[in-house]
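Chains as they are written, first to last, in this note's numbering: chain V, 1 to 242; chain E, 243 to 291.
Written as structure tokens, this is what we have:
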């Protein structure tokens, strides 16, 4: 069985419907459960007080801001190499979701940073690369809207996705490249020594899983919308020609 | 409601804004999908005669 059969729009529509339903349910359960657990049933941090509760929003949104762009990069490469329209439409579908996640990470970071660092914003490597990533998201969406020819738009936005991936990776690893800056290192890592305390860790993992499922559900839904919109445009064009 | 102490403002602002953003993108996506789906169904019925 080949993975490429899902590049067929009809097959994608058939398979994505049940997957999307499961993703919606898991997203709702994990986000609701994680936020309730984190907000109501975890203690304040000895240094950061109750602002530590912002971690359940900030870390998952930042995670998805970066990973959404990586997903767009992979989908764009598939478009370039295999010319599967569904992959180009999936990249287009992911952009607004990634932009919202980036905006959420920037906003919650600023709100968290103000009482902890004494400033809403600092031209810190990670903060700055995240802001540039947000601008790339806006540019990517604007480019899709600006170019009428779908294939040309897919080509141009795929190139933009490749350029922007530099900033997506920079957002992830900026704290390792530069030691200066206010932003601390990763809250979670494969090395258990570097993780936050268990009392914050488990609700955070649950919320992060919820954001991953929400991203999957939204991208599937939006890709299905794009496929329908393309079919609608094709039918309308055929009617005009007739 | 837990006692958020001196940081109640920032914490509630972060949660409120995040829920608005998440809710906004979900509602926008669902509404647009429903609109396009209905329009496509109408167009297909129109073509089928």
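Even for Gly, the Cβ is constructed at its ideal location relative to N, Cα and C.
None of the values given here were measured: they were computed from a predicted structure.
_Quick check: is the beta carbon of residue 291(E) nearer than 9 Å to any beta carbon in chain V?_
no
*Name the one or two DSSP bridge partners that residue 45(V) has.*
As a beta-bridge residue in DSSP terms, residue 45(V) pairs with 49(V).
*By a C-beta neighbour count over all protein chains shown, 10 Å radius and 16 as the cutoff for buried, is residue 253(E) buried or exposed?*
buried
*asked:* Could you tell me the alpha carbon to alpha carbon distance between residue 34(V) and residue 54(V), rounded to whole angstroms?
replied: 12 Å
_Restricting to Cα atoms, I'd like to know which of 5(V), 210(V), 52(V) is closest to residue 115(V)._
52(V)
*From the beta carbon of residue 222(V), is the nearest beta carbon of chain E less than 9 Å away?*
Judged by the 9 Å Cβ criterion, residue 222(V) is in contact with chain E.
*Along the stretch 246-258 of chain E, what residues have a CB closer than 8 Å to any CB found in chain V?*
246, 247, 248, 249, 250, 252, 253, 255, 256, 257
_Length of the line joining the Cα atoms of residue 79(V) and residue 45(V)_ = 46 Å
*Under the rule that 16 or more other beta-carbon atoms within 10 Å means buried, what is residue 220(V), buried or exposed?*
buried
*residue 132(V) to residue 166(V) span [Cα, whole Å]*: 10 Å
*asked:* Using 9 Å as the threshold, is the C-beta distance between residue 62(V) and residue 75(V) below it?
replied: For residue 62(V) and residue 75(V), no; Cβs fall outside 9 Å.
*Can you tell me which of 18(V), 163(V), 49(V), 105(V) puts its alpha carbon nearest to the alpha carbon of residue 244(E)?*
49(V)
*What residue range is occupied by the uninterrupted alpha helix (DSSP H) comprising residue 145(V)?*
125-146
*Can you tell me the Cβ-Cβ gap for residue 134(V) and residue 103(V), rounded? I've got them flagged as a contact below 8 Å.*
That belief holds up - the Cβ atoms of residue 134(V) and residue 103(V) are roughly 6 Å apart, short of 8 Å.
*asked:* Would residue 112(V) pass as an interface residue toward chain A - the criterion being a Cβ-Cβ separation below 9 Å?
replied: This model lacks chain A altogether, as its protein chains are V and E.
*Comparing the C-beta of residue 16(V) with each C-beta of chain E, is any distance below 9 Å?*
no
*Find the residues of chain E that neighbour residue 20(V), judging by a C-beta separation of less than 7 Å, and give them in chain order.*
What residue 20(V) touches in chain E: nothing, since even the nearest Cβ is about 10 Å away.
*asked:* Quick test of your reading: residue 30(V) and residue 207(V), contact by CB under 8 Å. State the CB separation rounded to the nearest angstrom.
replied: 7 Å
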